[in-house]
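Numbering (the UniProt record's numbering), first residue to last: 1 to 164.
Glycine included, every Cβ here is placed at the ideal spot set by N, Cα and C.
Structure, as structure tokens:
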């Protein structure tokens with residue numbers, strides 16, 4: 001039995017369904033059928049534009065984003081698929097904060113829905129720092145079906161780690 005480390009917080013019945021697909025070697029087929037496309041966002045510049053468009057649509061009054069990029073150093077061992085940071089620097093007599101969003105490079109090859117989900121998640125942190133009810137309501141507002149996409153992303157990560 002394959003440990004489902006990305007799905008441990010979900011009900012046993014859902015984990016059993018995923019485990020069955022793994023045993024039948026149909027998990028990849030399920031994901032390909034559900035998310036057949038691949039996105040065209042392949043550069044940091046394109047990712048920045050993509051993120052800014054979403055921010056402009058849903059979070060106009062949120063702080064500006066100074067940098068958005070794909071990061072090869074973000075990986076599953078650090079449990080980070082995306083990262084938002086505010087780097088504070090003193091410039092002259094003023095304190096400047098630069099907001100950055102980093103997305104794990106593995107999303108260059110993922111379905112557009114998964115990239116969208118990660119970017120929405122990181123953008124939501126501009127308003128809500130914690131993963132609380134307001135945070136997830138904002139995610140759902142920006143991306144209806146957010147919770148299903150988060151689950152499917154976790155299934156995708158499980159599939160990526162399967163041998164073969």
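Give a yes or no on whether the C-beta atoms belonging to residue i and residue j are separated by under 8 Å.
i           : j           : result
residue 30  : residue 154 : no
residue 165 : residue 123 : Summary: the structure shown does not reach residue 165, with the chain confined to residues 1 through 164, and so no result is reported for it.
residue 52  : residue 65  : yes
residue 39  : residue 82  : no
residue 100 : residue 67  : yes
residue 35  : residue 111 : yes
residue 17  : residue 4   : no
My output table needs one value for residue i: the three-state DSSP class, helix, strand or coil.
i           : result
residue 161 : coil
residue 90  : strand
residue 25  : coil
residue 15  : helix
residue 155 : helix
residue 34  : helix
residue 47  : helix
residue 5   : coil
Do you know offhand how far residue i's Cα is from residue j's?
i           : j           : result
residue 135 : residue 23  : 35 Å
residue 93  : residue 163 : 55 Å
residue 114 : residue 144 : 13 Å
residue 10  : residue 73  : 28 Å
residue 44  : residue 116 : 15 Å
residue 63  : residue 25  : 45 Å
residue 149 : residue 140 : 10 Å
residue 69  : residue 85  : 12 Å
residue 12  : residue 41  : 35 Å
residue 126 : residue 142 : 13 Å
Open item on the list: Taking 8 Å as the cut-off, does the region 94–106 touch the region 22–29 (at least 3 CB pairs, one atom from each stretch)?
Closed with: Short answer: they don't touch.
Task: Inside the UniProt domain "YgjP-like metallopeptidase" (93–153) only - beta strand (DSSP E) runs reaching at least 3 residues - done: Listed in chain order, the complete beta strand (DSSP E) runs (minimum 3 residues) inside the UniProt domain "YgjP-like metallopeptidase" (93–153) are 94–104.
Task: In chain order, each beta strand (DSSP E) run of at least 3 residues that lies wholly inside the region 53–85 - done: With a minimum length of 3 residues, the continuous beta strand (DSSP E) runs that stay inside the region 53–85 are 67–71.
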